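Only one structure is covered here, and it is reproduced in the block below.
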Amino acid sequence: MKAILFCTEPYDFAILKPLAEALVKRGDTYLWYVLPKLFNAFPYKSMIHTNSLELVETFEADAIFTPSNDLPYWLRGVKVQLFHGLSRDNDAYFELCDCFDLYATPSPYYTEQFAPLAEKEHRFEVVETGWSKLDALFAQNEHLNDRREALLKAHGATALILYAPTFAPELSSAMALQETLHKLADREEIVVLLKFHTKTPPETLTSYQALEHPHIVIVEESDVLPSMQMADLMISDTSSVVYEFLLLNKPLLTYKSQAASITWTNYTQAQEIYLKVIRTLQQQTQTLNRQRTKTIAQYHPYSDGEASVRVIEATESYIATHGVPEERKLPLLQKWKVSRKYKKLR
C-alpha cells in the first residue's frame, strides 16, 4: 500500500504516528504531508515528509489517512477519516463534509452515529477500528517511566499532576484554576504539568508563563499522551482529553465540565479541587466504578494497541471491493470550498 498521512493541525501528528509505524512495520510506502505553516514543527524528522501538495499529487497514493475535517478531493486514494478527539459533546464531530470514502470509527458510540448515515447516503463506509492515537497510550514505554522518575527527582517531588484544559474561552478553566494550580505547586511533593491546547489564547499562555514557579512545568510537545502516561492525576474541564485519560484508570477531576455524561469527579469550586487532589494523592487508590467501565466500553473498548492495524486492514478491504478512487466526487458547493482552501497551497 502507498499511503499519505495528511496533517493540517499540530495534534494530527500524534494521531497519525502509530499508523505510520504500522505502515513501516508492514513494509508499505508512506509520505507525511504537513501544511507549510506547520512544517518546522513536525516532530518526526527521520520520517519521510513534505509540505508540497504537488508532490502528494504525483505520489499516486492508494490511501490517504487524516483526522482533518476535509481533504483535497482531486487526490488519488481512498480517503479515510480517523477523527481528532473522543467526545460526545462536540456536534461538529458528527457532521458529514462528504470528503471521505471510509470512516474508521474509534468506538461503538461513533459507529452508532455514522453507520445509519452510511446506510442512508450510500456514499461512504463505516468500520469500527479503535482510535490510532491511543495505540501509543496502551504501549509499554520504559522511556516514559525514566522521564517521569527524572522529572520527580529533579524537583524533589513524589507526584505529577497534569492540567490539560480546553482552549475555548467560554469553557476553559485556565484562569479560574490558576491560583489553585499555583497553590498545589507550592507543595514540595507535587510537580504540576501544564499541557495547553495549540489553540489556547496567547494571553492565557502569557499569564501562566509569568508564574515562573519551580514546580510548574509547561509541556511544549504537541502530543498530550506522554504527559498522561506519566501523571498520577489529571485536572481538566470540558476538554475531550478527559475521554482519553479515563482509559488509564487514574484519578480524573474536572472543573465545571459541561459534558453530557460525567463518570468522573466534577467540581464547581476551585477550593474543592485543591482538597480533592491532596486527599487523592494521600490515599493512592483508584478503582474502576460501573459508570466508568460503561464509558470505556462506549468510547474506546480497545486496549490492545492494534487500532492502526485495523485501520489499514479496513482500508485494504475497501480497496479490494471498490478499487482505488482517482478522486472524490463532491457536490459543486463543497468542491468549491475545498478547492478554495487547498489549491492556493499548490
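Heads up, the sequence shown is in my numbering, so the first residue is 46 and it goes up one at a time.
All residues carry an ideal CB built from backbone N, CA and C; glycine is no exception.
These figures come from a predicted structure and were not determined experimentally.
Rounded to a whole number of angstroms, what is the C-alpha to C-alpha distance between residue i and residue j?
i      : j      : result
Pro259 : Ile280 : 19 angstroms
Leu50  : Asp231 : 43 angstroms
Val286 : Asp146 : 27 angstroms
Ala255 : Glu166 : 52 angstroms
Lys178 : Ala204 : 26 angstroms
Glu224 : Glu234 : 18 angstroms
Ala199 : Arg192 : 10 angstroms
Ala86  : Thr74  : 23 angstroms
Glu66  : Glu187 : 18 angstroms
Gly350 : Gln158 : 24 angstroms
Phe58  : Lys388 : 22 angstroms
Thr325 : Asp115 : 42 angstroms
Leu377 : Ser302 : 40 angstroms
Gln314 : Ala184 : 36 angstroms
Pro55  : Met273 : 18 angstroms
Cys142 : Arg385 : 15 angstroms
Ala163 : Tyr148 : 9 angstroms
Phe311 : Tyr319 : Rather than Phe, the amino acid found at residue 311 in this sequence is Asn. So the alpha carbons of these two residues sit roughly 12 angstroms apart.
Ser362 : Arg355 : 10 angstroms
Ala304 : Lys90  : 37 angstroms
For residue i, which residues in the same chain have their Cβ closer than 7 angstroms to its Cβ, ignoring the five residues on either side in sequence?
i      : result
Thr53  : Leu80 and Ser113
Val369 : Asp107, Arg121, Gly122 and Val123
Lys380 : Tyr118
Lys244 : Phe212
Pro214 : Pro246
Lys82  : none
Tyr288 : Leu131, Ser132 and Tyr344
Ser218 : Pro210, Asp282, Tyr300 and Lys301
Phe84  : Asn96
Could you spell out the range, first to last residue, of the alpha helix (DSSP H) harbouring residue i?
i      : result
Gln254 : Pro247 to Gln254
Gln327 : Ala315 to Gln328
Ala359 : Ala352 to His367
Ala59  : Asp57 to Arg71
Asn102 : Residue identity differs from the one stated: residue 102 is Glu in this sequence, not Asn. Taken as a continuous stretch (DSSP letters only), the alpha helix (DSSP H) holding Glu102 covers Leu98 to Phe104.
Thr340 : Arg335 to Tyr344
Phe159 : Pro153 to Glu166
Lys386 : Leu377 to Tyr387
With a threshold of 8 angstroms on Cβ separation, who are the neighbours of residue i within its own chain once the five nearest residues in sequence on each side are excluded?
i      : result
Tyr208 : Leu222, Leu226, Val237, Leu238, Leu239, Lys240, Met279, Ile280 and Ser281
Tyr337 : The sequence as given places Arg at residue 337; Tyr does not occur at that position. Closer than 8 angstroms at the Cβ level, and outside the excluded window around Arg337, lie Leu291, Asn294, Thr308 and Trp309.
Thr95  : Leu76, Trp77, Tyr78, Val79 and Val101
Arg71  : Met46 and Ile357
Ile93  : Tyr75, Leu76 and Trp77
Tyr253 : Ala219, Gln223, Leu239, Phe241, Ile261 and Ile263
Give me the residue from the options with the minimum Cα distance to residue i.
i      : options                           : result
Thr150 : Thr174, Tyr75, Ile263 and Leu250  : Thr174
Phe169 : Pro153, Gln126, Trp176 and Gln336 : Gln126
Ile307 : Ser252, Thr283, Tyr155 and Pro210 : Thr283
Tyr154 : Lys339, Ser362, Arg373 and Thr325 : Lys339
Thr360 : Glu248, Phe58, Val172 and Leu76   : Val172
Ile206 : Gln327, Ala219, Ala276 and Lys228 : Ala276
Cys144 : Leu378, Lys374 and Lys386         : Lys374
Leu68  : Ala305, Ala48 and Tyr56           : Ala48
Ala181 : Ser384, Gln327 and Tyr347         : Tyr347
Ala202 : Lys382, Val262 and Glu99          : Val262
His242 : Ser267, Leu229, Lys228 and Glu257 : Ser267
Leu270 : Ile341, Tyr253, Leu189 and Ala342 : Leu189
Lys228 : Glu317, Tyr312 and Cys142         : Glu317
Quick one: measure Cβ to Cβ for residue i and residue j, integer angstroms, because I've assumed they're closer than 8 angstroms.
i      : j      : result
Leu216 : Trp176 : About 22 angstroms separates the two Cβ atoms, so there is no contact after all.
Lys321 : Leu297 : Not quite, the Cβ-Cβ distance comes to about 11 angstroms (not below 8 angstroms), so this is no contact.
Thr251 : Met220 : Contact doesn't hold; Cβ gap of about 12 angstroms is too wide.
Pro88  : Ser353 : Actually they do not touch by this definition, with Cβ atoms about 18 angstroms apart.
Phe110 : Leu61  : 6 angstroms
Could you pull the start and end residues of the beta strand (DSSP E) that residue i belongs to?
i      : result
Thr308 : No beta strand (DSSP E) holds Thr308; DSSP gives it neither H nor E.
Leu298 : Leu297 to Tyr300
Thr150 : Leu147 to Thr150
Lys82  : That residue, Lys82, is in no beta strand (DSSP E); it is neither H nor E in DSSP.
Leu205 : Ala204 to Tyr208
Glu224 : Counting along the chain, Glu224 falls outside any beta strand (DSSP E), though it belongs to the alpha helix (DSSP H) covering Gln223 to Ala230.
Arg177 : In the sequence under discussion, the amino acid at residue 177 is Ser, which differs from the Arg named in the question. Careful: Ser177 lies outside any beta strand (DSSP E) and carries neither H nor E.
Only counting the same chain, and skipping five residues up and downstream in sequence, which positions put a Cβ closer than 6 angstroms to that of residue i?
i      : result
Ser152 : Tyr344 and His345
Glu371 : Arg121
Ala160 : Val171
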